[in-house]
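Asks: Mind having a look at this structure? Questions to follow.
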Amino acid sequence: MIADHYLQVRTDLETALIRLLRLGADLHRSPGSLETLHALLIDIRQPLLFVVVGEVKAGKSSLLNALFGREFAKTGVLPATDRVCIFRYGEVEKTVDVSPQLIERFLPIDFLRDF
1050 MIADHYLQVR
1060 TDLETALIRL
1070 LRLGADLHRS
1080 PGSLETLHAL
1090 LIDIRQPLLF
1100 VVVGEVKAGK
1110 SSLLNALFGR
1120 EFAKTGVLPA
1130 TDRVCIFRYG
1140 EVEKTVDVSP
1150 QLIERFLPID
1160 FLRDF
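The sequence shown maps to residues 1050 to 1164 in my numbering.
Put into C-alpha cells, the structure is as follows:
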C-alpha cells in the first residue's frame, strides 16, 4: 500500500537526517548547515498534503481508494467530491462543514494518524 511505503521512506529519511546532523555536529560544521538539517528534520514530520484534482465524476475518489487500498472516499452515482475535502484521523467517523467550499472528513483509519 502506498501509505506504508511513504511511512517507511519518511522514517528512513528521518534516520538519515538524524545521523547527518550528529555527524555535522561532531565535525563542527557551520551553525547554518546544522540549522538547515534541523529544519529538514522538523519538516519531515509535518502532515503530507496529497491533492487530487479533476472534473466531477472523473474518478478522484476511486483513485484515492485504490492508492490507499481501502474505501474511505465515497463513490456513487451522484457527485461526492464537489467540494474540497480534507481527510483526517478521528476516533469516530464524522464530516464537518468548514465552509461552502471545504469539508473535513474524520475517519478512524490508523494510517491517517501519520498524515
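Ideal Cβ positions, reconstructed from N, Cα and C, are used throughout, including at glycine.
(1) With a CB to CB cut of under 8 Å and the five nearest residues on each side skipped, what residues in its chain are close to Ile1067?
(2) Mapping DSSP to helix, strand and coil, what is Lys1109?
(3) Cα-Cα, which of Pro1157, Phe1136, Glu1120 and Lys1123 is closest to Val1147?
(4) Hey, is the segment 1052-1068 in contact with the segment 1088-1108, meaning 3+ C-beta pairs nearer than 8 Å?
(5) Helix, strand or coil: how does DSSP classify Ser1082 here?
(6) Does DSSP put Asp1146 in a helix, a strand or coil?
(7) Which of the three DSSP states, helix, strand or coil, is assigned to Ile1152?
(8) Under 8 Å by Cβ, that's how I've got Leu1070 and Leu1083 pegged, so tell me the actual separation to the nearest angstrom.
(9) Is the distance from the Cβ of Ile1158 to the Cβ of Phe1121 below 7 Å?
(10) Determine, using beta carbons only, whether Cys1134 and Arg1162 come nearer to each other than 7 Å.
(11) My output table needs one value for Val1133: the three-state DSSP class, helix, strand or coil.
(12) Is the beta carbon of Phe1117 closer than 7 Å to that of Ala1052?
Replies: Straight from the coordinates:
(1) Leu1090
(2) helix
(3) Phe1136
(4) yes
(5) helix
(6) strand
(7) strand
(8) 7 Å
(9) yes
(10) no
(11) strand
(12) yes
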